[in-house]
Structures are given as C-alpha cells and as structure tokens.
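Residue numbers (my numbering): 169 to 515. Written out below as structure tokens is the structure these notes cover.
In structure tokens:
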C-alpha cells in the first residue's frame, strides 16, 4: 500500500524525487499523468509519484492539475510536493491546491552545488540568488526555509515540525534514508541492445554534456531534428542521438516534444533498448507516444539520472540542469563500440 505520494510538475521531476527511494529497495512507481495514478497505486508500490504536466501552463490550470492529482490519491496520504531546484514553474499556485499547516521547503541540491543561505537559493546553474519566499508568495508565512550547505543539513531539518515536504531531489534523498535507515543506496546494473538519446532540453548544462560526449566520440550517430522533426536513418548503431534544433519557423515546446516522440517512434526501438530522455516535456511526450503509463523505478544510473523499466525498455531521464559535464559520456560508454553507423551527423 502506498505510504507517500510525490506530486511533480513534470515527469523528470517526479522521477528525480522517486529514484532515491527505489535505490534503497523501497518499491516505487511513477504515473505518467493523473489518469494513470490508479494503475500506479495498483502496483502496490510504497512510493507513488505522478506528473501533473503543469510547469508550462497557466497558474490556474496548474492549480487545477494538482487538485485533480490529490483527488485521485487516498485521503490523508502523506505528500511530497516536488519543486524545481531552480524554482521554475507555478509553485505558489500548485501549493494553493494542497491543505497543509507547515511546509519544509528545501530546493537545494548540495551534491550539485546548489545551496540555500538566508532564504536565498543559489549555486551551480543559478545565475543569481533567488528569494524563496518571493517564489512561495502567500505560502511563505507557513514555510520553514532552513539554510542548506550539505546533505546533513537536510537530514537535520527533517526533525522540524512540518506536514508537507516541498523540495527537490536532495530532500527526497534524506526522506528515503530516514524511511530505510539500514539500506545502502545501490546503483542498478543495465546494458541494453542499443541506446537512443533524445534531447529536447536547451539548457546550457545539457548542451555542454552533449558537446563533451561528441568531442570525445566524433563517430556517434547524431541526428539534428529541426523543431523535433527528422527522418530517422535505418542504421545499426549502438548509440543514436536525436537532438531538437531550431527550425525555420519557431515552434512551441509541446509541439517540439511531440515531434521528437514521432521521430523516435519511427526508429522502433527494440525491446531491451535503453532510452535516455532529456527534458521533462520530451520524456512525457515520448513515453505517451510509446503508450507507457507507469514506470517502475530501479534507482539512478548516475546521480540525478533516474532509471526505470517500462514497456520492455530501460528508461533514463535527465532534467536539463542536472549532471556532471561528463555524465552522458559515462552513461553511454558501454554502447560506443556497438553497431556500425554509416553517417555520424545528419542535419
């Protein structure tokens, strides 16, 4: 029976917060959307996550999406409201839908160099300190916002009195450790027949990771997809990269994500393949296209890169601003010698 529900505004966020629980052996499932929540609950997982797909919509629509998720959950279930570690999205509006007294707010991710000092979020990937109370709006008066420099600070903060956890991956990690104190985090082992990397994110951190991978491995098959649209090549490649690039006419994020899904679907990844999806909207669109509704979490392939099983595929998701510069290179190392692509760059 589910003990904790994670409500996130995008799929990569739901998976980021769910993965630390799975790494400690706690059965964990994530629903692709609110409609799939009953199926996720039926798995018997102790941790259930859901994407409300609400980061890029209006504040009113985001509030309604979170309210719908709450209605689909058992009454009184303990909640974790996943928020972006750089405070993007409709955070205050989504909190409006939740009934709570005191929220523990921890957007910091010490492992990635993101901290909180005097109510300000800053560090790696944050251009300038962001005032957390301003982001919370009316919810700031019932928020605990501790200074966070290291993971131990978060673990200490769990002892404060709160009834709603509001935060990012590192808060989930602390809660998972408290839930399974004797369990050691384990990295799942997986090697598929082939790997497909679909990049919808334009975050500078992700683009730098892709450059690192391509500079070290210039023969990788790289398909440029203007506005997400490309004609995939039928080749035997160990690793295929599909990257959204600007098209002749500007397209919105949802349209690009849907087009990327169609491009990958045309490649028909074989069962046992690895899919690496960068960008929450990209992951949501592609998995929907593949008719996947619920993912079973295995843990993390690398810090900040959740790995799951679904539809006979291994799925790794990556938020745009997560990961070390060489994370894609390390992730794909087992696949670089597989296959024999005829073209290394298409676009």
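Backbone N, C-alpha and C fix where the C-beta goes; we use that ideal spot for every residue, glycine too.
Kindly indicate the opening and closing residues of the alpha helix (DSSP H) around residue i.
i           : result
residue 271 : Counting along the chain, residue 271 falls outside any alpha helix (DSSP H), though it belongs to the beta strand (DSSP E) covering 271-274.
residue 372 : 372-384
residue 182 : 179-191
residue 260 : 259-264
residue 500 : 495-500
residue 424 : 421-435
Could you tell me the boundaries of the beta strand (DSSP E) in which residue i lies?
i           : result
residue 285 : 282-285
residue 468 : 462-470
residue 202 : First-last for residue 202: undefined, no H or E at that position.
residue 457 : Element bounds for residue 457: not the beta strand (DSSP E) but the alpha helix (DSSP H), 448-457.
residue 364 : 363-367
residue 173 : 172-176
residue 488 : Note, residue 488: premise wrong, no beta strand (DSSP E); not H, not E.
residue 475 : 473-478
residue 246 : 246-250
residue 413 : 407-413
residue 288 : 288-291
residue 278 : First-last for residue 278: undefined, no H or E at that position.
residue 438 : First-last for residue 438: undefined, no H or E at that position.
residue 398 : Neither: residue 398 is in no beta strand (DSSP E) and is coded neither H nor E.
Say the cut is 6 Å; is the CB of residue i nearer than that to a heavy atom of the ligand NAD?
i           : result
residue 229 : In terms of ligand content, the structure shown is empty, and the ligand NAD therefore cannot be addressed.
Going by CA-CA distance only, name the one from the options that's closest to residue i.
i           : options               : result
residue 251 : 408, 220 and 460      : 220
residue 391 : 384, 381, 412 and 383 : 412
residue 257 : 294, 303, 218 and 393 : 303
residue 286 : 273, 356 and 442      : 273
residue 210 : 222, 197 and 432      : 197
residue 271 : 223, 327 and 294      : 327
residue 244 : 170, 226 and 291      : 170
residue 339 : 205, 282 and 443      : 282
residue 362 : 173, 318, 199 and 504 : 504
residue 347 : 184, 181, 178 and 191 : 191
residue 266 : 201, 175 and 454      : 175
residue 380 : 246, 203 and 493      : 493
residue 502 : 263, 364 and 325      : 364
residue 433 : 454, 448, 422 and 417 : 454
residue 457 : 343, 478, 334 and 312 : 478
residue 322 : 310, 335, 331 and 311 : 335
residue 408 : 414, 183, 425 and 378 : 378
residue 195 : 437, 423 and 463      : 463
residue 467 : 389, 376, 354 and 418 : 354
residue 200 : 172, 430, 460 and 284 : 460
residue 275 : 398, 374, 319 and 206 : 319
residue 373 : 183, 426, 280 and 208 : 280
residue 264 : 376, 228 and 277      : 228
residue 231 : 248, 309, 262 and 206 : 262
Looking only at its own chain, which residues have a Cβ that is under 6 Å from the Cβ of residue i, when we skip the five neighbours before and after it?
i           : result
residue 305 : 260
residue 341 : 188
residue 223 : 177, 178 and 257
residue 180 : 448, 451, 485 and 487
residue 483 : 443 and 476
residue 358 : 482
residue 416 : none
residue 425 : 368, 449, 450 and 453
Which residues in the same chain have their Cβ closer than 7 Å to the Cβ of residue i, if we skip the five residues on either side of it in sequence?
i           : result
residue 254 : 293, 294 and 489
residue 193 : 348 and 351
residue 428 : 366, 368, 393, 396, 410, 412, 450, 453 and 454
residue 330 : 270, 271, 272 and 312
residue 421 : 224 and 449
Return the chain-ordered list of same chain residues with a C-beta closer than 8 Å to the C-beta of residue i, the five sequence neighbours on each side being excluded.
i           : result
residue 202 : 218, 220, 233, 236, 237 and 240
residue 246 : 171, 172 and 173
For a cutoff of 7 Å on Cβ pairs, would you count residue i as touching chain D?
i           : result
residue 195 : Going by chain labels, chain D is absent from the structure shown, which holds only one protein chain.
The region 366-376 in contact with the region 204-217 per 3-pair CB rule at 8 Å: The answer is no - the region 204-217 does not touch the region 366-376, with fewer than three Cβ pairs under 8 Å.
Meets three-Cβ-pair contact criterion under 8 Å: the region 289-301 and the region 228-238: Remark: fewer than three beta-carbon pairs, one from each stretch, lie closer than 8 Å, so the region 289-301 and the region 228-238 are not flagged as touching.
Whole beta strand (DSSP E) elements within the region 299-355, 3-residue minimum: Segments of the beta strand (DSSP E) lying fully in the region 299-355: 332-335.
Contiguous beta strand (DSSP E) assignments of at least 3 residues, all confined to the region 205-243: You should have 215-219.
The region 439-451 touching the region 469-482, judged by at least three CB pairs closer than 8 Å: A contact exists between the region 439-451 and the region 469-482.
Validate contact between the region 485-502 and the region 376-388 using beta carbons, cut 8 Å, 3 pairs: Yes, since at least three Cβ pairs between the region 485-502 and the region 376-388 fall closer than 8 Å, the two stretches touch.
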